[in-house]
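The opening residue of the sequence shown carries number 85 in the numbering used here; numbering runs sequentially from there.
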Amino acid sequence: MRVFLLLVFLCAPAMGHQFTPTYPKVYPSHLPGISKVTMELFNSRDDISYYTIGVFTTNWQRVPFATASKILKVKYLGRETVDIYIRNTDLPKAVYICSKSKTLSGQKQVAVVSSKICSKLK
85 MRVFLLLVFL
95 CAPAMGHQFT
105 PTYPKVYPSH
115 LPGISKVTME
125 LFNSRDDISY
135 YTIGVFTTNW
145 QRVPFATASK
155 ILKVKYLGRE
165 TVDIYIRNTD
175 LPKAVYICSK
185 SKTLSGQKQV
195 AVVSSKICSK
205 LK
C-alpha cells in the first residue's frame, strides 16, 4: 500500500503558482507613515482562480496591511500585480508576504492541494 501511495504522489503533476519577487523591496508610498511593496502573482494552475494575500511576522502572526483586494481573481496563465501597503509602525514586525490558493465549494472538480507561496521582506 505504501508503494502504491508513493507512486501516486510521484506521478502526480506538481502544480503551484508564482509570487514574485522572492525578496521584495519596501518603498515609501504617497501616503505619510505608510510603506509600499509591489508583488506579482502568476497563476499556473488551471483548477484555481482565487488567491488570498497575507502579511505575517516570524511567528506567523498576522500583520495589518491594506491592498485594493485581499482576494485576487487571476485567470489561468494570467498575471496580477498587487500593491501592499504597510504602516511604518508595523513594518519592523512584517517579515513574510504570502499568497495562498483558495478553492471554491460547489465546483465540479475540486482542487486537492492548496499552494502557499511566501516572500521574505528582511
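Ideal Cβ placement from N, Cα and C applies to all residues, glycine included. Only a predicted model underlies this, so the values are computations on that prediction, with no experimental measurement involved.
For Ser203 against Tyr180, the beta-carbon gap comes to about 7 Å, under 8 Å, which counts as contact. Under the DSSP assignment, Leu188 falls outside any beta strand (DSSP E); it carries neither an H nor an E label. Judged by DSSP in its simplified three-state form, Arg129 adopts coil rather than helix or strand. Nearest to Ser119 by C-alpha distance, out of Ile168, Ile155, Asn127, is Ile168.
With respect to Gln102, Ser128 sits close: the two C-beta atoms are nearer than 8 Å.
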